[in-house]
Amino acid sequence: MSSSYGSPTSFARMDEEAEVRTRSSPSLNDNNDGGDISMVPMKDQPGLEGKIEHQPTAYDVPEYDNFDVENDLKVYHGHADFDLELQQVSNSKWNFGKTKRGVIKVCYISVFAILGSLLRILLAQLFGEECRNPGTVGWLKAGQPLCVTADGEASLEGGIIFADLPANLLGSFVMGFMQSTDTMDLPKTFPIAWLSDSSSFQSYDIIHFAIRTGFCGALTTFSSWNSEMVLMMLGVDADRGSLIFRGFLGYFIGVETALASFILGKNVAKYVHSIVNKDLHHEALETRKKKERGVYINTQLADFERRFLSEFDMGIFEIETNPVAVGYLSRWRESTRENRRVGNQLLPLLTDIEYQLLVLDEDIELDETVRAAIMAKWDLESLKKWREVKRHLDIMPVVKDEAAFRFGPAFNWCLVCLVLLIAAIIFENGMDEYSMTYRTMAFAALLAPTGALIRWRMSNWNGKWTKYSWFPLGTMAANLTASIISVTMIALELKLYDGTQSFWLSGTTRALKVGMAGSLSTVSTFINEVASFLSSDHPVHGYAYIACSIISCGIAGTIFYVTIAHAVEPDVYYRGGGTYGY
Numbered sequence: 261m262s263s264s265y266g267s268p269t270s271f272a273r274m275d276e277e278a279e280v281r282t283r284s285s286p287s288l289n290d291n292n293d294g295g296d297i298s299m300v301p302m303k304d305q306p307g308l309e310g311k312i313e314h315q316p317t318a319y320d321v322p323e324y325d326n327f328d329v330e331n332d333l334k335v336y337h338g339h340a341d342f343d344l345e346l347q348q349v350s351n352s353k354w355n356f357g358k359t360k361r362g363v364i365k366v367c368y369i370s371v372f373a374i375l376g377s378l379l380r381i382l383l384a385q386l387f388g389e390e391c392r393n394p395g396t397v398g399w400l401k402a403g404q405p406l407c408v409t410a411d412g413e414a415s416l417e418g419g420i421i422f423a424d425l426p427a428n429l430l431g432s433f434v435m436g437f438m439q440s441t442d443t444m445d446l447p448k449t450f451p452i453a454w455l456s457d458s459s460s461f462q463s464y465d466i467i468h469f470a471i472r473t474g475f476c477g478a479l480t481t482f483s484s485w486n487s488e489m490v491l492m493m494l495g496v497d498a499d500r501g502s503l504i505f506r507g508f509l510g511y512f513i514g515v516e517t518a519l520a521s522f523i524l525g526k527n528v529a530k531y532v533h534s535i536v537n538k539d540l541h542h543e544a545l546e547t548r549k550k551k552e553r554g555v556y557i558n559t560q561l562a563d564f565e566r567r568f569l570s571e572f573d574m575g576i577f578e579i580e581t582n583p584v585a586v587g588y589l590s591r592w593r594e595s596t597r598e599n600r601r602v603g604n605q606l607l608p609l610l611t612d613i614e615y616q617l618l619v620l621d622e623d624i625e626l627d628e629t630v631r632a633a634i635m636a637k638w639d640l641e642s643l644k645k646w647r648e649v650k651r652h653l654d655i656m657p658v659v660k661d662e663a664a665f666r667f668g669p670a671f672n673w674c675l676v677c678l679v680l681l682i683a684a685i686i687f688e689n690g691m692d693e694y695s696m697t698y699r700t701m702a703f704a705a706l707l708a709p710t711g712a713l714i715r716w717r718m719s720n721w722n723g724k725w726t727k728y729s730w731f732p733l734g735t736m737a738a739n740l741t742a743s744i745i746s747v748t749m750i751a752l753e754l755k756l757y758d759g760t761q762s763f764w765l766s767g768t769t770r771a772l773k774v775g776m777a778g779s780l781s782t783v784s785t786f787i788n789e790v791a792s793f794l795s796s797d798h799p800v801h802g803y804a805y806i807a808c809s810i811i812s813c814g815i816a817g818t819i820f821y822v823t824i825a826h827a828v829e830p831d832v833y834y835r836g837g838g839t840y841g842y
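Sequential numbering of the sequence shown, starting at 261, is according to our numbering.
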C-alpha cells in the first residue's frame, strides 16, 4: 500500500536535532515509567567489535537507503513481533466471497449441531432415562446408569433436577472455555484464549463459530428445561403451591449451575492461557499494574507497539533494533503520553489514529482528524515514519490451513452426517425398545441443524430493539419459540397417546421436541449474554434478561400446554412407558 508519508526523501530530510534525540541513550533507554526496551544497534552489541567499518556519530544524518533491513530492523524475540492480525485475515486465502463463506458456515453449523444434539440425548440417557425405562438404552449395561436426573413421571411429581441439566452444564462449560481473550481482560486480542497466539487454529473463525453456535447451542437446551418445569408445576401432586415453588427452584438451579459452569470454563481457559502463552501472562501482570494507575492499554496493536507505547517494564520482552527506527515511535509516545489515561477526552481519537495507521495500515483521510492531532501537539509525522519503517520488516504471517475453509470438505462432512442419520431412520426399523430409541435419536439429530440454523439467523435481531438496544432480542425470540414448540409437542403426544401410534407419529413429535426445538433454544448463549451483562456497568440488565426469559417462556408454555392437553391425565402417558427415546 502506497503512502505519501515516510518516503526516502522525507527520511533524508530528517533534521539534525531529531537525529540527536533519536540516538541519545537517556531519552530512549531511561524511561521514567518502565520503558526498559533495549534499543542497542547491532553494531554496538558485544562480540561484534571490528565487524562494522563505520561507527556513526550522533551528528550523522540518517538516510533511508542506508537502513540495513535484515540487521538494523531485525526483531530477535518471536513474541515481540509486529503481527497485524486483522490485515492478515483480510488478505488470507480463505477470505472468499460472502455467499460461499455463508454456505460453509451452514455446513459446519449443521455438523456440529448434529453432534451436540446426539451428545445431549446420550447424556440424558446416561443420567436418567435408562433408570426410568430400563431396557430402552442398549449401549448402557445394567448397573451403569447414574440415575441422577429426573424425567417424565419424576418431573410431574416434583423432580427439579431435570433431564438436560448435565448437558446444559457441559455446554456452558465449553462455551466458557471457547471464549476469546477480549472477555478475559488479557493484553492481546485473539479468538481462542487457551491456545497459543501463534496457533494456526486461531484463524479458523468459521470452526470457532460452528462450535459455539452449532455444538454448544444444540448441546444445551432452554426449551426442554422449560417444558419440564411447566409439567412439574402442572403435575399430579395435590399441593399445587409446593409444585410451583419447586418449579421456580428448578429454574433458579438451572441458571445458577449453568452460569457457574460457564465461569469455570473461562477460568480453565485463562489458566491454560497462562501456561501456553507465558510471555503474555507476564504482560497481563504488567497490564494490571498499569490499569491501576489509570493507563489505557490499546490491545489492538501488535505486541511490540502495544508494550512500548504503554511503557511496560519489558524484561523478557526487550528487543534489539536500530534506535533511529524506534525513535520515531518513541517521539510519538512522548507526544501522546498525557492522553493515554482512562477518561481522557482525546483517548478515543488517539486509539482511532493508531488503529488506522498501525493495524489497518491506512492513511488518515479526514482533515479534521489531522487538525485535531496537530492541536493536541501529537507528533503524527513520527508515527507515519514508524509505519513506513515497519513495512520493511520481514514478518512471517501465521500459517493457515486453507483446507479447513474449502467448500468441499465442509459439504462432504455435512453430507456424510445426513446420510448416516437417514440410513439409521430407514434401516433401524425394529419395534423393540432399543430400535425405537436409536431411531428416535437419529430422527431428532436429523432435525437439529434446522433449529440451530434458525437460531443463527434470529441472532441478527440482537440489538435491533430500538428502545432497548442492549436486549438480546434474537436469543430471547429463539428460546421463546422453541419453548412453545417443545411444550406443544408434549401436549399433542399426551393427547394422542393410546399405546398404538406408529413411529412416524410419535417419533416426529419427539424429534421436533428434542431435535429441532432443543437446538433452536440455547442455554450456552443465554448464559454467555447474562455473564456479559453481570460484568458490565449495568449488571441489572442481566437480572432483567433472566427474569424476562424465564417468565415469558414459563407463561407461554403453560398457556399452550393447558390449551391443548387440559383434559389429559399425563401420568397415564408416562406410566405407560411413553418416554422412550427421551
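Where a beta carbon is used, it is the ideal one built from N, C-alpha and C, also for glycine.
For clarity, every value in this text was computed on a predicted model and none was experimentally measured.
| Check | Outcome |
| --- | --- |
| With H, G and I counted as helix, E and B as strand and the rest as coil, what does DSSP make of Arg651? | coil |
| State buried or exposed for Thr726, treating a residue as buried only when at least 16 other CB atoms are found within 10 Å of its CB. | exposed |
| Give the DSSP-derived three-state secondary structure of Arg601 in the structure shown. | strand |
| Return yes when the C-beta of Met718 is under 7 Å from any heavy atom of the ligand ZN, and no when it is not. | This structure does not include the ligand ZN; it has no bound ligands of any sort. |
| What residue range does the alpha helix (DSSP H) around Ala804 cover? | 800-825 |
| If Tyr556 and Leu607 are in contact, beta carbons under 8 Å, what's the gap, nearest whole angstrom? | 6 Å |
| I think Leu681 touches Ala702, with their Cβ atoms under 8 Å apart; what is that distance to the nearest whole Å? | 5 Å |
| Looking only at its own chain, which residues have a Cβ that is under 7 Å from the Cβ of Ala632, when we skip the five neighbours before and after it? | Leu609 |
| With DSSP run on the structure shown, which of helix, strand or coil describes Val783? | coil |
| Under DSSP, the alpha helix (DSSP H) around Arg770 begins and ends at which residues? | 763-770 |
| Looking at Gly668: is its Cβ nearer than 8 Å to the Cβ of Gly525? | no |
| Output the boundary residues of the alpha helix (DSSP H) element that contains Asn428. | 425-437 |
| Our contact map puts Ile471 next to Leu713 with C-beta atoms below 8 Å; I'd like the distance itself, whole angstroms only. | Actually they are not in contact, since the Cβ atoms of Ile471 and Leu713 sit about 15 Å apart, beyond 8 Å. |
| Quick one: measure Cβ to Cβ for Leu643 and Trp721, integer angstroms, because I've assumed they're closer than 8 Å. | Going by Cβ atoms, the distance from Leu643 to Trp721 rounds to 41 Å, so no, they are not a contact pair. |
| Since Gly775 and Leu706 are thought to touch, with beta carbons under 8 Å apart, how far apart are those beta carbons, to the nearest angstrom? | 7 Å |
| Which complete alpha helix (DSSP H) runs does the stretch 523-559 hold, if anything under 4 residues is left out? | 538-552 |
| Return the Cβ separation of Gly767 and Thr823 in integer angstroms, given the expectation that the two are a contact with Cβ distance under 8 Å. | About 24 Å separates the two Cβ atoms, so there is no contact after all. |
| Mapping the DSSP letters down to three states, classify Leu610 as helix, strand or coil. | helix |
| When we look at the beta-carbon of Ser262 and count the other beta-carbons within 10 Å, is it buried (16 or more) or exposed? | Bear in mind that a pLDDT of 40 at Ser262, under 50, signals an unreliable position, so the number given afterwards is only what the model happens to contain. Exposed. |
| Could you say which of Pro732, Ile810, Ser590, Ile750 lies nearest to Leu491 if we only look at CA atoms? | Ile750 |
| Counting only the same chain and skipping the five closest in sequence on each side, list residues whose C-beta sits under 7 Å from that of Lys360. | Phe667 |
| Using DSSP with H/G/I as helix, E/B as strand and the rest coil, what is Phe572? | coil |
| Hey, out of Asn558, Ala816, Thr769, whose CA is closest to Asp445's CA? | Asn558 |
| What's the C-alpha gap between Ser534 and Pro732? | 32 Å |
| Note down the Cα distance separating Ala825 from Ile466, rounded to an integer number of angstroms. | 43 Å |
| Tell me the rounded alpha-carbon separation between Ser432 and Ser784. | 5 Å |
| Is it the case that the Cβ atoms of Asn739 and Phe671 are separated by a distance below 8 Å? | no |
| Would you say Leu618 and Arg647 are within 8 Å of each other, going by their C-beta atoms? | yes |
| Count the other CB atoms within 10 Å of the CB of Pro426; is the residue buried (16 or more) or exposed (fewer)? | buried |
| Would Arg715 pass as a contact of Leu780 if the rule is Cβ separation under 8 Å? | yes |
| How is Trp592 classed by DSSP in three states: helix, strand or coil? | helix |
| Quick check: the Cα distance between Ile685 and Ile374, rounded to an integer number of angstroms? | 14 Å |
| For Met691, which option in Ala737, Phe763, Gly711, Ile744 has the closest C-alpha, if you only look at C-alpha atoms? | Phe763 |
| Thr547 and Pro451 - do their beta-carbons sit closer together than 8 Å? | no |
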